[in-house]
Amino acid sequence: IREARGREYTAEERALLESLAARAALAIEDARLYGAATQAVKARDELLSVAGHELKSPLNALQLQIHLLARMAKDAMAASGLAERAEKAARAGQRLGLLIDDLLDVSRISAGRLSLNREELDLAALTRELVSRMSEELARAGSEVRLVADVEVLGHWDKLRLEQVLVNLLSNAAKYGAGRPVTVQVEARGLVAALAVRDEGIGVAQEDQERIFERFERTESAQHFKGLGLGLWITKRIVEAHGGGIRVESQPGRGSTFTVELPLPGGAPR
Ligand code: ADP
């Protein structure tokens, strides 16, 4: 190594330069790690704030309903509204439970601990069951459901996880479906099982169609609906763990179709 004027560096100068370079490299690495750590802390703080906010609202509803229930229980004359109050309290409790499950899933999946309990099951039958289980929620949202799932579609899948996929897609259709009809279709297409959930609601703009599958990503038009922005991320992780994929086709104001494809047993094309 030579100085600009052409003189050779001495051994001491070289040692000094090398140690400076090593320090600079360490400092840059420290700065990079610090940046990554600060970002992780920021993401965690954001999560805690959003989660805290979202968990608070069903909790408030729960407390209000329980308070009213207690008052009604004292006053037997007003007991006619009791069942309705209890129902509302139960729903708020259920929502709280689902939000907490989502948060637990995020940490489980992020830590690479999503394991599947596969069993033979019929996706069409499972879908019919879940649509019936969610019919009240869909009806409350004003959405009539058209179900096309009469032909058996057998595969080896994790039942509880696929139930979660169905619950997420159906509750999104109820939430963002603007009270318009929701169509749910299950069929075998060649070597894949396809589940499509279509609504005619607010839709997702082209530029948002990728990011909504990421953690905490929500579109502008969804801001006044409740949610943590975790459902689609979890759904995608579950579908991918099964070797499948999920995609959305949508136009703002016209509705969205979410399609899940899962490989069918049998593997290679015949
Ligand atoms: P959440 O509904 O709790 O916000 P999701 O992960 O399920 O979380 O969805 C992420 C975002 O994707 C939503 O906030 C919304 O912006 C958009 N989205 C999901 N499903 C639909 C749908 N059926 N129609 C329109 N937008 C949707």
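So the sequence shown is numbered by my numbering: it starts at 1027 and just counts up by one.
In this text, a Cβ means the ideal position worked out from N, Cα and C, and glycines have one as well.
Under 8 angstroms between C-beta atoms of Gly1281 and Asp1225: yes
Sub-8 angstroms separation of Arg1166 and Pro1207 beta-carbons: no
Residue closest to Ser1247, alpha-carbon to alpha-carbon, out of Glu1287, Ile1228, Glu1236 and Val1177: Ile1228
Local conformation of Gln1277 per DSSP, three classes: strand
Beta-bridge partners of His1182, as assigned by DSSP: Glu1146
Burial state of Ala1001 (16 or more Cβ within 10 Å): Residue 1001 lies beyond the range of the chain shown here (1027 to 1296); nothing can be said about it.
Rounded straight-line distance, which links the Cα of Met1098 to that of Ile1108: Before going on, a small fix: residue 1108 reads as Leu here, not Ile. For Leu1108 and Met1098, the distance between alpha carbons rounds to 7 angstroms.
Host alpha helix (DSSP H) of Thr1064 (start-end): Ala1037 to Lys1100
Where Arg1215 falls: helix, strand or coil (DSSP): strand
Counted within 10 angstroms of its Cβ, other Cβ atoms place Glu1145 as buried (16 or more) or exposed: exposed
Segment contact flag, the stretch 1118-1138 with the stretch 1152-1170, C-beta cutoff 8 angstroms, min 3 pairs: no
Contact test: Asn1198 Cβ vs ligand 1 heavy atom, cutoff 7 angstroms: yes
Cβ pair Ser1276, Val1210 closer than 8 angstroms: no
8 angstroms CB neighbourhood of Ala1047 in its chain, flanking five on each side removed: none
Assigned exposure category for Glu1039 - 16 Cβ within 10 Å defines buried: exposed
Own chain residues within Cβ distance below 6 angstroms of Ile1135, not counting five before or after: Arg1263
Which listed residue (Phe1251, Pro1278, Pro1291 and Trp1259) has its alpha carbon closest to that of Leu1129: Trp1259
Touching by the beta-carbon criterion (3+ pairs, under 8 angstroms), the stretch 1197-1205 and the stretch 1179-1189: no
Three-state secondary structure (DSSP) of Gly1270: coil
Three-state secondary structure assigned by DSSP to Glu1163: helix
Proximity winner among Gly1255, Leu1188 and Ser1197, relative to Gly1269 (alpha-carbon distances): Leu1188
Ala1248: CB within 7 angstroms of a non-hydrogen atom of ligand 1: yes
Closest by C-alpha distance to Leu1196, when choosing among Leu1043, Glu1055 and Thr1285: Thr1285
Straight-line Cα distance separating Glu1113 from Val981: The displayed coordinates of the chain run from 1027 to 1296. Any statement about residue 981 would go beyond what the structure contains.
Assumed close pair Ala1220, Glu1266 - CB separation to whole angstroms, cut-off 8 angstroms: With a Cβ gap of about 16 angstroms, Ala1220 and Glu1266 do not count as contacting.
Paired residues, beta bridge with Val1223 - DSSP: Val1210 and Phe1284
Exposure of Glu994, with buried meaning 16 or more beta-carbon neighbours within 10 Å: For residue 994 there is no data in the structure shown, the boundaries of the chain being 1027 and 1296.
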